[in-house]
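Chemist: Have a look at this one.
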Amino acid sequence: MPRKYGVKASVRVVVHSSLKELRQAHVPITGKDARNVMAFCHLWPMSIPRGYRRVTILADLHLAVKYLDIDTIVHEVTHAAIAWLAKDKQRFVSLLDGDKEGIEERFCDILGGLTQGIVVHLRKRGMDVYA
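First residue of the sequence shown? That's 726 in my numbering, and the numbers climb one at a time after it.
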C-alpha cells in the first residue's frame, strides 16, 4: 500500500502458474469446493515485521497467470479493502453516519492504491495484466 494514503496495510499476492494449481491451493486454505474458482482472497489479518516496522497484511490474494485482468484483481482487492473496514467497526458506523472521518475516501484510496501496486509489480515481473 503506498504510504501517501496514510494506511499501514498491505496484501500479499500469490500468482499461480495455472488455474489447476490455484484451485489445488484453494481447498486446503478455505476448505471449500474450488471447481468454479478463478482467483481468491484469503483474509488474515496479521502483522509481520518489515524492516524496522510492522506491517499489517490484510489478505493473501491468489491469482492465476492466465486470469490477470483488472476485473479479477479489483474484485479480490475489494475483499481485502473490506477487511480493512472490518478491522474497526467504527469505520462502518462512520460510513452510515455522515462519514465525518472520511472513511469512504480512505476506502477508495486503499482500493485504488492496492490495485495499482499489484498491477505495477506484476508488470515489473513481466506478467501481462489485461483491461
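Glycine included, C-beta positions come from ideal geometry on N, C-alpha and C.
1) Could you tell me whether the Cβ atoms of I798 and V762 are closer together than 8 Å?
2) Can you find at least 3 beta carbon pairs, one from the region 826–840 and one from the region 796–810, that sit closer than 8 Å?
3) Please list the segments of the beta strand (DSSP E) lying wholly inside the region 748–830, counting only runs of 3 or more residues, in order along the chain.
4) Looking only at its own chain, which residues have a Cβ that is under 8 Å from the Cβ of H751, when we skip the five neighbours before and after it?
5) Between the alpha carbons of G851 and V790, how many angstroms are there, rounded?
6) Where does the unbroken beta strand (DSSP E) through A856 begin, and where does it stop?
Modeler: Once the coordinates are examined:
1) Residue 798 sits at position 73 when you count from the first residue of the sequence shown. Residue 762 sits at position 37 when you count from the first residue of the sequence shown. Not in contact: I798 and V762 (Cβ atoms no closer than 8 Å).
2) yes
3) 765–775 and 778–789
4) Within the sequence shown, residue 751 is the residue found at index 26, counting from 1. Counting only Cβ-Cβ distances below 8 Å, and skipping sequence neighbours, we find K757, A759, V762, F765 and H787.
5) Taking the sequence shown and counting its residues from 1, the one referred to as residue 851 is at position 126. Taking the sequence shown and counting its residues from 1, the one referred to as residue 790 is at position 65. Roughly 11 Å between the two C-alpha positions.
6) Residue 856 sits at position 131 when you count from the first residue of the sequence shown. Taken as a continuous stretch (DSSP letters only), A856 belongs to no beta strand (DSSP E), as it is neither H nor E.
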